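Engineer:
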């Protein structure tokens with residue numbers, strides 16, 4: 087790779103400062119985020135290597151598996167290194183066949199937080215995202231009531247910060263009338279930029295923006311569309327990097343409020359993802375990448 091880092095390497099996550107490249111643990115579970123992985127030992131090795139490479143922000147959820155991913159994190163890393171910030175999310179649950187169902191009621195949100203605390207063996211979570219499932223799935227529960235339940239848990243010392251996942255600008259603005267937000271976590275990447283307005287809204291208010299699927303959804307081909315894009319591939323060749331690394335570097339250059347949580351079940355891919363922070367894209371690169379065609 088060429089160049090040296092010219093972008094901030096740390097950013098705020100709620101009350102904490104973390105490295106801008108963290109780790110998303112979702113892919114450590116079985117197919118379609120359900121059941122155990124084929125190689126639990128490899129999954130634990132990925133987590134340990136992440137810490138060695140400087141990861142201090144891990145994103146997880148009790149409904150990944152369910153239970154599986156949190157148990158892997160606990161088994162691999164507990165007792166946790168000082169400064170590790172574990173982020174989870176509530177508002178969803180799984181059925182017996184792996185379907186994702188809404189869990190929007192205040193008692194369900196509390197139960198979800200308590201389950202995370204118990205499985206991870208921690209007294210508090212650095213941040214908990216409320217996963218918004220759409221108005222029809224919320225059972226008529228107002229957003230303010232859901233956030234109020236999380237604020238109560240924050241007051242009890244079980245949550246250090248509150249975030250939103252899958253939120254619109256209007257929902258972020260509404261949430262800010264009830265609580266302070268530590269992050270917003272939405273789908274966004276170099277080929278999927280529909281969420282630009284939420285990113286700008288968060289950046290203007292100094293709220294961390296954490297894009298999920300930063301190199302593409304694992305359910306729709308993952309990074310393959312990146313490799314098939316001639317512009318991304320050309321910039322990758324210039325920097326002796328992979329297209330996925332260029333997509334991650336582009337996000338880090340896009341805005342200093344962006345935190346990355348790329349996920350993988352491979353130590354090799356983890357090391358590649360982490361090294362993307364060292365790619366210094368120049369103005370020519372950024373102009374080309376900004377023009378990448380979206381589907």
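In this note's numbering, the protein residues as written are 87 to 381.
Even glycine gets a Cβ: it sits at the ideal position worked out from N, Cα and C.
In this text, all values refer to a predicted model and were calculated from it rather than measured experimentally.
Given residue 353, which residues of its chain have a CB within under 8 Å of its CB, disregarding the five upstream and five downstream residues?
Structural biologist: 128, 131, 132 and 135
Engineer: Counting only beta-carbon separations shorter than 8 Å, does residue 161 have a partner in chain C?
Structural biologist: Of the protein chains in the structure, only one exists, and it is not chain C.
Engineer: Can you give me the Cβ contacts of residue 101 inside the same chain, cut-off strictly under 7 Å, excluding the 5 residues immediately before and after it?
Structural biologist: 246 and 247
Engineer: For residue 274, which residues from the same chain have a beta carbon less than 7 Å from its beta carbon, with the 5 sequence-adjacent residues on both sides left out?
Structural biologist: 281, 285 and 297
Engineer: Buried or exposed for residue 142, going by 16 or more other Cβ atoms inside 10 Å?
Structural biologist: buried
Engineer: Leaving out five residues on either side along the sequence, give the residues of the same chain with a beta carbon under 7 Å from the beta carbon of residue 351.
Structural biologist: 113, 114, 123, 128, 129 and 132
Engineer: Taking only the alpha-carbon atoms, compute the straight-line gap between residue 94 and residue 343 and give it to the nearest angstrom.
Structural biologist: Taking the CA atoms as reference points, residue 94 sits about 10 Å from residue 343.
Engineer: Between the Cα of residue 111 and those of 98, 118, 117 and 145, spot the shortest distance and give me the residue it belongs to.
Structural biologist: 145
Engineer: Determine contact between the stretch 231-250 and the stretch 209-222, defined as no fewer than three beta-carbon pairs at a distance below 8 Å.
Structural biologist: Yes, the stretch 231-250 is in contact with the stretch 209-222.
Engineer: Ordered along the chain, which non-local residues of its own chain (more than five positions away) have a Cβ less than 6 Å from that of residue 175?
Structural biologist: Cβ within range, chain order: 147, 215, 217 and 251.
Engineer: Using the C-alpha atoms, what's the distance from residue 163 back to residue 209?
Structural biologist: 15 Å
Engineer: Starting from the Cα of residue 305, find the closest Cα among 151, 226, 158 and 118 and give me that residue.
Structural biologist: 118
Engineer: Looking at the structure shown, is residue 146 part of a helix, part of a strand, or coil, going by DSSP?
Structural biologist: coil
Engineer: Taking the DSSP output, what are the residues bridged to residue 97?
Structural biologist: 104
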